[in-house]
Amino acid sequence: MTRQLPVAGPSEVRAAAIRDLGADRRSVFGVVGVNGLATAVGLVGPWLLGRIIDTIQTGAGDVVAAVDRLAFGAVLFTVAQILLGRWALTIGYRFGERTAARVRERFLRRTLTLPPQAADRLPTGDLIARGSTDASLVAATLRSAVPEILIAVIHALFLIIAVLLLDPRLGLFGLGGLIGVAAAVRWYSRRARPAYLAVAASGAELADVVAGTANGARTVELLGLQARRDQAAETAIGHARSARLWALRLRTVLFPWADVCLALPVVAVLLLGGVLYADGLVSLGVVVTATVYLRQLTGPLDTLMLWIEQLQGAGASYARVEGLAALPMTEPSTTQPTPSSDDARGDRIRVADVHYGYAADRDVLRGIDLEVHPGERLAVVGPSGAGKTTLARLLAGLDRPHTGSVTIGNTPVADLPPDQLRRHVVLITQDHHLFHDTVRDNLLIADPTATDPELLAALDAVGADWFSDLSHGLDTHLGEEVDLDDAAAQQLSLARVVLADPHTVVLDEATALLDPTAARRTERSLAAVLHGRTVIAIAHRLQTAHDADRIAVIDNGELVELGTHDELVGAANSYSRLWRTWHGEIG
């Protein structure tokens, strides 16, 4: 049963952004300093243009030579501004790439340190959307927005100060036209965050529906659920469309209103400047310079308006990426389980009065008491839906009981960090995953310290005869140079178990989805993996139970019988009925 992933609040997003900026503060200061110099140099050009106009108007001295000198100076300062601006952008983009990598690594680290019982309940589509679409948007924004916004803000501030120093009357009158821009931005900002969070959430919902349909395609086809899945997809698409239209309506108000308001300062200065010039209160050069400054102000303000819109979407994505921090994390630990006094290795598994359910009002398991001895082969049987797989998940530490305990030695299994958990108990199911990476790296997941001879020995232990056909051996890239069939992929997964070297293996239909030939190959590999270990097998076929040391019978969430095959058959209770029914069907 999945649940909604948390979303970080505005204060948490601000704190994360400040940390990311502070982690590379030298680059931030570099962008601010170099761009401030570039902007200051850029102000000289319009001022020289005003001087040129005043020189021509007065006609004093050698006008042509004076204008040439002023024009040459304007060109030099313009070139200097361009070069300094490009330098600032280079610093900014390098900062952005480093920060983007930091955000992605933080998200990946948080995902990988989730305890199994939390990770297994996450909505797959939402997690994929946060790790791909949202993380990419945050990365692109940090890479582009930070330098461009800093440049635009510094440029705008310098222009505003320049026009006010040039003539306070023209400056104040012209800047008054920007009040409309501030009002539009305030109106938009108050409505944009929930709109863009809805866009991101609806996109994640759609991804979750698609992923669920793809993963369960066989079940959908067998049970005739196509119409229901189509309806779920249409509903998710409708939600995504409505959310995007909501955000689009906000943009259709913001941008036209802002475009009108950005033109007002230039119009205002030209009107007031004309009156003041006619009265002889300012020179024509001053009016032209002020007009050019305010016209130049449109550029950085346009940039800021565009980024204000894009930052809403990026801010929503940032909140979703940082929201993962609210989930419980597993920190690496160096402590080892405390072995019980009667078990020197601490390998004994005890299940004491366990109650567990996927819903708060219904327990799947009730009052389970069980002890698994080191080296024992225990089969867990029962009718479909009795709770066998749920018990396997508790034994493997993927879930935590609501009441009672599941311990190895004296330590709750669910409290073991992943690096220790796989040294004690590993759950093997019909599901396995191989990364598009080398064979070596796929194996090192189980034991990062393993040497090449140890990796080869693990492959040999599971009978991976296909490995000898690989042209690059351990350096062969899976998914690129070679595609493994299901049996070979399962063997590679079993080789990981050999490397992890757990004392207990929990089996839950590891060969169920394989064809008979592949299943026989995998069963031979399993035999090598299971040798000398404690084995807890969820037995869907009673022949598995027949060969076990003991059999635990689960019925309706309760442990109703426990004993050897002969003892339980002789007792003529639940197991005996299951055995007679199964034996009669195949006999």
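Okay, so the sequence shown: first residue is 1 according to full-length UniProt numbering, each after it adds one. Beta carbons: idealized from backbone N, C-alpha and C, even for Gly. None of the values given here were measured: they were computed from a predicted structure.
Cβ of residue i within 8 angstroms of Cβ of residue j?
i: Ala200; j: Ser11; result: no
i: Val427; j: Asp508; result: Looking at the sequence shown, residue 427 is not Val but Leu. Yes. Within cutoff.
i: Gln310; j: Ala192; result: no
i: Val372; j: Thr113; result: no
i: Ala500; j: Ala446; result: yes
i: Leu474; j: Val497; result: no
i: Gly557; j: Leu365; result: yes
i: Ile538; j: Val354; result: no
i: Leu262; j: Tyr188; result: no
i: Val7; j: Gly315; result: no
i: Leu197; j: Ala15; result: no
i: His432; j: Ser493; result: yes
i: Leu324; j: Thr111; result: yes
i: Val506; j: Ala392; result: yes
i: Gly404; j: Ala488; result: no
i: Leu434; j: Leu478; result: yes
i: Val67; j: Leu150; result: no
i: Val153; j: Tyr293; result: no
i: Trp87; j: Val44; result: no
i: Ala195; j: Trp246; result: yes
i: Leu37; j: Leu84; result: yes
i: Gly96; j: Ser136; result: no
i: Gly280; j: Leu170; result: no
i: Ala386; j: Ile536; result: no
i: His472; j: Glu480; result: no
i: Leu459; j: Ala495; result: yes
Apart from the five residues on each side of it in sequence, which residues of its chain come closer than 7 angstroms, Cβ to Cβ, to residue i?
i: residue 592; result: The chain is shown only over 1 to 587; residue 592 falls outside these bounds and no answer can be derived.
i: Arg550; result: Glu376, Leu378, Leu562, Gly563 and Thr564
i: Ala258; result: Val181, Ala184 and Met305
i: Ala129; result: Gly203, Ala204 and Ala207
i: Arg229; result: Thr213 and Val220
i: Pro401; result: Val354, His355, Tyr356 and Leu394
i: Leu270; result: Thr291
i: residue 600; result: Shown here, the chain extends from 1 to 587; a query on residue 600 therefore has no answer.
i: Ala139; result: Ala100, Val103 and Arg104
i: Glu148; result: Thr303 and Trp307
i: His239; result: Ser202 and Glu205
i: Thr133; result: Gly203
i: Pro412; result: Ser405 and Val406
i: Val63; result: Thr55 and Ile56
So, for residue i: in the same chain, excluding its five sequence neighbours on each side, which residues have a beta-carbon less than 8 angstroms away from its beta-carbon?
i: Ala71; result: Leu48 and Ile52
i: Pro94; result: The identity of residue 94 in the sequence shown is Arg, whereas the question assumes Pro. Counting only Cβ-Cβ distances below 8 angstroms, and skipping sequence neighbours, we find Ser27.
i: Arg422; result: Ala446, Ala500 and Pro502
Residue i: buried (16+ other C-beta within 10 angstroms of its C-beta) or exposed?
i: His155; result: buried
i: Ser384; result: exposed
i: Val462; result: buried
i: Asp399; result: buried
i: Asn442; result: buried
i: Pro502; result: buried
i: His531; result: exposed
i: Gly409; result: buried
i: residue 588; result: Outside the shown range of the chain, which is 1 to 587, sits residue 588, and nothing can be said about it.
i: Pro265; result: buried
i: Glu322; result: buried
i: Val260; result: exposed
i: Gln226; result: exposed
i: Leu526; result: buried
i: Tyr575; result: buried
i: Ala65; result: exposed
i: Leu568; result: buried
So, at 6 angstroms on beta carbons, what are the nonlocal neighbours of residue i in its own chain, with the 5 sequence-adjacent residues on each side left out?
i: Arg350; result: Glu371 and Thr407
i: residue 588; result: Residue 588 is absent from the structure shown; the chain starts at 1 and stops at 587.
i: Ala512; result: Interpretation of Ala512 is limited by its pLDDT of 49, a score under 50 that renders its predicted location unreliable; the figure taken from the coordinates is listed afterwards. Hits under 6 angstroms: Gln430.
i: Leu172; result: none
i: Leu21; result: Val28
i: His546; result: His565
i: Leu484; result: none
i: Phe77; result: Val41, Val44 and Gly45
Handout entry: Inter-stretch contact at 8 angstroms, needing at least 3 Cβ pairs: the segment 147–159 / the segment 281–297
Key = Counting Cβ pairs under 8 angstroms, three or more are found: they touch.
Handout entry: beta strand (DSSP E) runs contained entirely in the segment 212–249, provided each spans 3 or more residues
Key = Runs of beta strand (DSSP E) with 3 or more residues, each lying fully within the segment 212–249, are absent.
Exercise for the section: Please specify which runs of the alpha helix (DSSP H), each continuous and at least 4 residues long, are wholly inside the segment 13–66, giving them in chain order. Expected result: Unbroken alpha helix (DSSP H) runs of no fewer than 4 residues, entirely contained in the segment 13–66, are found at 25–58, following chain order.
Exercise for the section: Examine the Cβ distances between the segment 98–113 and the segment 276–290 and report whether three or more of them are shorter than 8 angstroms. Expected result: With the cut-off at 8 angstroms, the segment 98–113 and the segment 276–290 do not touch.
Exercise for the section: Could I get the ranges of all uninterrupted beta strand (DSSP E) runs contained in the segment 534–574, with 3 residues as the minimum, in chain order? Expected result: 534–538, 550–555 and 558–563, all fully within the segment 534–574.
Handout entry: Every unbroken alpha helix (DSSP H) inside the segment 91–172 [4 residues or more]
Key = Whole alpha helix (DSSP H) segments, 4+ residues: 116–119, 124–129 and 135–166.
Handout entry: Runs of beta strand (DSSP E) lying entirely within the segment 436–518, each at least 3 residues, in chain order
Key = Here the runs fully enclosed are 504–508.
Problem - Runs of alpha helix (DSSP H) lying entirely within the segment 359–383, each at least 4 residues, in chain order - result: Within the segment 359–383, no complete alpha helix (DSSP H) run reaches 4 residues.
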